[in-house]
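Engineer: In our numbering, the protein residues as written are 26 to 452. Every residue, glycine too, gets a C-beta built ideally from N, C-alpha and C.
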């Protein structure tokens, strides 16, 4: 306690405290608990302003110019231009009130992400940001688990992929899939931190315990999107590890073929015993092809789309267009912003993967690429791609943009990794 009282408060400390506060504010939306009883719009505006002030203060102190152009800058510009074009220029009059709401929400989201990335880069806080996120997520997971402990009675791992028999619980989250995505994001943060040589809490057993709780909650959610997404991440990472391994070419070829067969079987017949078309029907996503796309093609607005509105608005058919739920990021982009919007997203996706493939650290490159593939895969089942409203995007977008900028090579992590490597050699 005495050490804590005499700890010097620095700009870095303030930035990390603000980030923790922001995450708790977002958790108030993701869960049914109001961790921060303040208006989320006010929180995001105040947070972005404070973070940009910290960024400007450090730049002025160093007498450095503002803004460094790299590949993450181009992705950031495209994200901003997209929301301006479709949120303020190509507005469909019947949807104008919904479009204004989306514009405000996405703008605030981008301000939060950009300001966090700016501070992370200028103060070299990549590890600090991830550790802060890990601690906040740990608190939320343990709090939700303990306050909804009775939900564990319904856990049945054997029926997770059985649509007719699976039992789903939320542990106090807003939705089953929100819980699943939150738990997977927690696992991703831990994986990156360990690869960076960081040990949260300074004790591996505490981490193993909290990770076990998150896995229990993940299976309790029975979120096929989240669980299968983690399988995709694992297979992609294994594939890339094999490509760089020194094992025999025949053995490598055999393992790669096995992975390919698993992927084909998974997507063609799934783990549920149902065909992919049956899964679409049972998850109510068959309307994407049967209703939403035909409506879009008949609208006469194929170039710029039907207009930005939330998935909930489209799902409840509160627009002049009958679409039902657009639980697919790619179809959502096509229908709401047309062919032009798809061009933006294709370019942004290419920039993301090209940039991640240029990450100098081989170990992190494999993780980042696997994470990006998992991110793109999960977007096929939810409206989450580069979009506000979901908790994990406040982590993934920061990770991606910092990785593209190359600002994550802070000395402490390099030293930790070197120490771990040297200890392993001694053993």
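1) Pairs of beta-carbons, one from the region 404-413 and one from the region 347-356, closer than 8 Å: are there three or more?
2) Which residues does DSSP pair with residue 475 in a beta bridge?
3) Inspect the CB distances between the region 338-347 and the region 316-326 and report whether three or more fall short of 8 Å.
4) Kindly indicate which residue of 277, 280 and 414 has the alpha-carbon position closest to the one of residue 334.
5) For the region 324-367, list the beta strand (DSSP E) runs that are entirely contained and at least 3 residues long, ordered along the chain.
6) Specify, as a first and last residue, the run of the alpha helix (DSSP H) that residue 153 falls within.
7) Using beta-carbon positions only, say whether residue 159 and residue 176 come within less than 9 Å of one another.
8) Quick check on DSSP: helix, strand or coil for residue 252?
9) Between which two residues does the alpha helix (DSSP H) holding residue 78 run?
10) Quick one: residues in its chain with C-beta nearer than 6 Å to the C-beta of residue 143, no 5 flanking neighbours on either side, listed in chain order?
11) For residue 400, which residues from the same chain have a beta carbon less than 7 Å from its beta carbon, with the 5 sequence-adjacent residues on both sides left out?
12) Starting from residue 122, trace the alpha helix (DSSP H) in both directions and tell me its first and last residue.
13) Roughly how many whole angstroms lie between the Cα atoms of residue 270 and residue 277?
14) In angstroms with no decimal places, state the Cα-to-Cα distance between residue 66 and residue 398.
15) Please work out which residues of its chain come closer than 7 Å, Cβ to Cβ, to residue 357, disregarding the five sequence neighbours upstream and downstream, and give them in chain order.
16) Measure the alpha-carbon distance for residue 180 versus residue 163 and round it to whole angstroms.
17) For the alpha helix (DSSP H) containing residue 183, list its first residue and its last residue.
18) For residue 384, which three-state DSSP category applies?
19) Tell me which residues share the same chain as residue 258 and place their Cβ nearer than 6 Å to its Cβ, disregarding the 5 neighbours each side in the sequence.
20) Can you find at least 3 beta carbon pairs, one from the region 49-65 and one from the region 94-108, that sit closer than 8 Å?
21) By the DSSP assignment, the alpha helix (DSSP H) with residue 116 in it spans what residues?
22) Any idea what DSSP makes of residue 407, helix, strand or coil?
23) Taking buried to mean at least 16 other C-beta atoms within 10 Å of its own C-beta, is residue 52 buried or exposed?
24) If we count the other Cβ atoms within 10 Å of its Cβ and call it buried at 16 or more, is residue 368 buried or exposed?
25) Hey, would you say residue 376 sits closer than 9 Å to residue 429, going by beta carbons?
26) Could you give the C-beta distance for residue 363 and residue 327, rounded to a whole number, given that I count them as a contact under 8 Å?
Structural biologist: The relevant details are as follows:
1) yes
2) The structure shown does not extend to residue 475, since the chain spans only 26 to 452, so no value can be given for it.
3) yes
4) 414
5) none
6) 151-172
7) no
8) helix
9) 65-87
10) 80
11) 421
12) 121-148
13) 8 Å
14) 31 Å
15) 336, 351 and 408
16) 21 Å
17) That residue, residue 183, is in no alpha helix (DSSP H); it is neither H nor E in DSSP.
18) coil
19) 395 and 399
20) no
21) Where residue 116 is concerned, there is no enclosing alpha helix (DSSP H), given that its DSSP letter is neither H nor E.
22) coil
23) buried
24) exposed
25) yes
26) 6 Å
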